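Numbering (our numbering), first residue to last: 37 to 235.
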């Protein structure tokens, strides 16, 4: 049985060799058909590898840009909110929205001259975290490609929610970015004590 299989294989190889020999051109007439097929297949493989490498590089580039944008937006937004919360002496409970998304935080504070004013943090219809000072719009705290898909403020006092004697604010924030089919979502948490409420 094995001998018959070997003979069949040998016969098949010989037939292929004969076929290749028959379609081979002379050296003066150029490449043989088999050589052309091999070259075409080779360049096709190179093209596929090149395209895949380009796609991989682009994905890595967009992933890096997304990570940078989210990190930068989170740092800017959290640092500004934390600083203003620490400097505030109280919270406007009526004009704030706690425990739900989209949240809104209105702080009672003082400006550089010591005059009473308000600072507001909220999300826009475009899912950007914006800031108002004394009712005047200050713009977004995030890059344009990053979206705040969740922003929740919680008023805290010794670790429990309170209605009027708020001494700290807990921030729950989710940022997302999506480019060229690549998306990323990151959650952030922070709790800041009102420095003015401690006096």
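For glycine and all other residues, C-beta sits at the position ideal for the given N, C-alpha and C.
Source: prediction; values computed, not measured.
Contact between the stretch 215 to 228 and the stretch 167 to 180 is absent, with fewer than three C-beta pairs closer than 8 Å. For the pair of segments examined, the stretch 120 to 133 was found to touch the stretch 141 to 154: the number of CB pairs separated by less than 8 Å reaches three. For residue 180, the closest of 147, 119, 214 and 83 by C-alpha to C-alpha distance is 214.
Secondary structure of residue 224 (DSSP, three-state): strand. DSSP places residue 205 in the uninterrupted beta strand (DSSP E) bounded by 204 to 215.
When only Cα atoms are considered, residue 82 and residue 74 end up about 12 Å apart. Annotation: residue 86 to residue 209 spans about 40 Å, alpha carbon to alpha carbon. Secondary structure at residue 129: coil, using DSSP grouped into helix, strand and coil. In the structure shown, residue 168 adopts extended strand secondary structure according to DSSP, grouped into three states. In the DSSP assignment, residue 231 falls outside any beta strand (DSSP E), carrying neither H nor E. Look at residue 186 here: in three-state DSSP terms it is strand. Boundaries around residue 145 are those of the beta strand (DSSP E), 140 to 146, since no alpha helix (DSSP H) includes it. Taking a contact as a CB-CB distance under 8 Å, the pair residue 230 and residue 203 counts as one, their CB atoms being some 6 Å apart.
According to the DSSP assignment, residue 152 belongs to the beta strand (DSSP E) that extends over 152 to 159. Remark: fewer than three beta-carbon pairs, one from each stretch, lie closer than 8 Å, so the stretch 155 to 172 and the stretch 90 to 102 are not flagged as touching. About 5 Å separates the CB atoms of residue 177 and residue 112; that is less than 8 Å, so the two are in contact. In this structure, residue 212 places its C-beta atom within 8 Å of the C-beta atom of residue 183. Burial of residue 117 is indicated by the presence of at least 16 other C-beta atoms within 10 angstroms of its C-beta.
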